[in-house]
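As given, the protein sequences belong to chains A and B, one line each in that order. Residues 1 to 224, numbered by the numbering used here, are exactly what the first sequence covers, in order. Residues 225 to 448, numbered by the numbering used here, are exactly what the second sequence covers, in order. Glycine residues also receive a C-beta, built at the ideal position from the N, C-alpha and C atoms. For reference, the structure is listed below as structure tokens.
There are 2 protein chains.
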Amino acid sequence: MERPTVECLKEHVDCYDDFTEEEKVQVAESSYILKIDKDETVLTSASPCFGVMFIIKGRLRTFLISDDGREVDLFYVDSGEVSVLTASCLIQTITFEVHVMAEEQTEVILIPTSTFGKIQHENIKIENFVLKAATERFSDVMYTMQQMLFLPVQQRVAIFLHDECVRTGSNEIQTTHKQIAQSLGTAREVVTRILRIMQEKHIIGVSRGSVIILDRKELKREAQ
Amino acid sequence: MERPTVECLKEHVDCYDDFTEEEKVQVAESSYILKIDKDETVLTSASPCFGVMFIIKGRLRTFLISDDGREVDLFYVDSGEVSVLTASCLIQTITFEVHVMAEEQTEVILIPTSTFGKIQHENIKIENFVLKAATERFSDVMYTMQQMLFLPVQQRVAIFLHDECVRTGSNEIQTTHKQIAQSLGTAREVVTRILRIMQEKHIIGVSRGSVIILDRKELKREAQ
């Protein structure tokens with residue numbers, strides 16, 4: 001088990017300065033660096049409260065699963081951000097459960113629930129840090145929900161592709177129809193149909209496991 | 225403008241004990257009792273940050289509106305609860321806007337954003353109170369979203385009717401097809417069709433402006 005150095009904690013744990021000296025020692029002694037493979041599950045309903053995760057690199061996908069196995073993405077937690085819903089039992093007012101999976105090879109500093117819970121109980125600044133991080137995700141979920149409720153699915157596919165384009169800085173997006181469908185909470189067949197129309201308009205090219213953006217300007221227009 | 229008495233503040237403002245003596249004076253001098261008529265709008269995108277509202281009696285409906293005017297209910301804030309999204313500008317991490325309307329004749333203690341913001345800035349316990357109230361609403365929204373995404377609309381209509389039955393303690397629910405449709409984010413025609421089926425099964429009776437529950441046991445079964 002690899003422990004993070006103090007420098008590493010200082011760099012990645014946003015609330016580090018709010019810990020007391022004693023708490024800093026507790027964190028240093030109980031936190032560890034967790035390496036998560038692409039597509040590895042971090043959190044399921046069976047293990048709903050792991051700890052607070054500060055993302056060193058990579059990306060965590062937070063999503064819901066229906067009883068019949070349908071997945072709907074809520075938000076991503078990226079490098080430099082913190083995942084608090086992986087420690088949702090620390091927040092009494094959070095009564096729902098989510099699933100978390102690594103979207104790519106990911107490395108996090110994990111502060112276990114036991115340590116973080118004890119500190120948060122004694123240090124209101126740390127409790128506020130966790131609550132603020134949770135309300136930030138509330139905003140993310142509201143954004144997702146508004147898109148889902150009010151935007152036509154064609155536009156949502158265009159937004160998804162454009163956002164990925166901007167995020168990765170590449171015109172080639174590594175994704176499958178199934179992944180896009182999951183992310184948007186729709187059926188794969190729907191995504192396939194929309195991608196085919198965009199292909200006919202020469203906005204994108206589709207190959208196995210990737211979508212290539214041919215006309216970024218037109219894609220942006222479709223996303224608006 | 226009617227100011228609440230100290231007794232009234234003590235009774236309804238859950239975080240009252242966390243105010244300092246000076247803050248208690250500020251609250252007493254700036255808060256007022258706001259009476260809101262049924263169906264009156266409390267919050268729109270034009271006036272998005274009114275103040276923190278402690279509900280003395282009545283019920284506030286918090287909802288989204290799409291560009292084409294479609295409404296989707298997020299949650300209700302009931303008597304004895306607090307509405308913090310009517311002061312969402314106090315929470316930097318909240319970046320979305322909602323609409324709020326009185327579902328029935330409602331009376332609240334309103335602490336204006338200017339007073340509450342100043343206090344929250346200086347008193348971390350009060351900030352903590354607001355953040356906790358916001359994450360509670362996060363849980364409500366997640367519940368609504370999961371229902372919306374994963375449950376068949378027949379079941380959601382049954383849940384809606386059963387919940388109203390329990391909440392009001394009455395078998396006669398004052399509501400229209402349009403209101404049920406808004407609450408569930410679906411079309412009025414869909415609700416009408418489902419109510420007709422439930423009526424044929426003798427679970428409910430429908431009259432102008434109300435739904436009468438005839439078979440509560442069967443309604444509960446349909447909601448599960």
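Within its own chain, the residues whose Cβ lies closer than 8 Å to the Cβ of A:Glu2, once the five positions on either side in sequence are excluded, are Tyr32, Ile33, listed in chain order. Within the same chain, Cβ atoms closer than 6 Å to the Cβ of A:Asp78 are found at Arg59, the five residues on either side in sequence being excluded.
At the C-beta level, A:Glu107 and A:Lys35 come within 7 Å of one another. For the region 393-410 of chain B, the residues whose beta carbon sits under 7 Å from a beta carbon of chain A are, in order, Gly409. Inside the region 61-136 of chain A, DSSP marks whole alpha helix (DSSP H) runs of 4 or more residues at positions 113-122, from first to last along the chain.
Here B:Leu375 carries a coil assignment [DSSP, helix/strand/coil]. A:Val190: member of the alpha helix (DSSP H) spanning 188-200, first to last residue. In terms of CA proximity to A:Thr93, B:Ser363 leads the group B:Gln398, B:Arg417, B:Ser363, B:Lys234.
Using a Cβ distance threshold of 7 Å, A:Ile180 and A:Ala223 do not count as a contacting pair. Partner residues in a beta bridge of A:Phe50, as assigned by DSSP, do not exist.
Proximity of chain A to B:Ala358 at the Cβ level (cut-off 9 Å) is accounted for by Thr93, Leu131, Ala134, Thr135, Phe138, in chain order. Per the coordinates, the alpha-carbon of A:Val27 lies some 11 Å from the alpha-carbon of A:Gly117. Annotation: Cβ neighbours of A:Leu149 in chain B (cutoff 9 Å, chain order): Leu288, Ser290, Arg294, Val296, Met372, Gly409. Beta-bridge pairing by DSSP links A:Gly205 to A:Ile212. Against A:Ile124, the close residues of chain B are Ile348, Lys349, Asn352, in the order they occur along the chain (beta-carbon pairs closer than 8 Å). Cβ neighbours of A:Leu184 within its own chain (closer than 6 Å, five residues either side excluded): Arg156.
A Cβ of chain A is located within less than 7 Å of the beta carbon of B:Phe320.
Relative to the Cα of A:Lys24, the nearest Cα in the group A:Asn128, A:Met142, A:Arg221, A:Asn123 belongs to A:Asn123. DSSP, read as helix, strand or coil, puts A:Val27 in helix. For A:Glu172, the enclosing beta strand (DSSP E) starts and ends at 172-174.
Setting aside the 5 residues that flank it on each side, B:Ile315 is surrounded in the same chain by Val308, Val354, Leu355, Ala358, each with a C-beta closer than 8 Å to its C-beta; the list follows chain order.
Among the CB atoms of chain A, one or more fall inside 7 Å of the CB of B:Met369. Not a single C-beta of chain A is nearer than 7 Å to the C-beta of B:Met325.
Taking B:Ala311 as the centre and dropping the five residues before and after it, the same chain places the C-beta of Cys273, Phe274, Gly275, Val276, Thr337, Phe340 closer than 7 Å to its C-beta, in chain order.
Neighbours of B:Met277 in chain A, taken as residues whose beta carbon is under 7 Å from its own, are absent, since the nearest beta carbon is some 18 Å off. At least 7 Å separates the beta-carbon of B:Ile333 from that of B:Glu396.
A:Val6 sits in a helix when the DSSP states are folded into three classes. Taking the beta carbon of A:Val141 as reference, the chain B residues within 8 Å of it are Phe362, Val365, Met366, Met369, listed in sequence order.
The Cβ atoms of A:Val42 and A:Val82 lie no closer than 7 Å to each other. The three-state reading of DSSP puts B:Thr244 in coil, since its state is none of H, G, I, E or B. For B:Tyr256, the beta-bridge partners assigned by DSSP are B:Leu334. In this structure A:Gln182 is buried. Its beta-carbon is surrounded by 16 or more other beta-carbon atoms within 10 angstroms.
Judged by DSSP secondary structure, B:Thr268 falls outside any beta strand (DSSP E); it is assigned neither H nor E.
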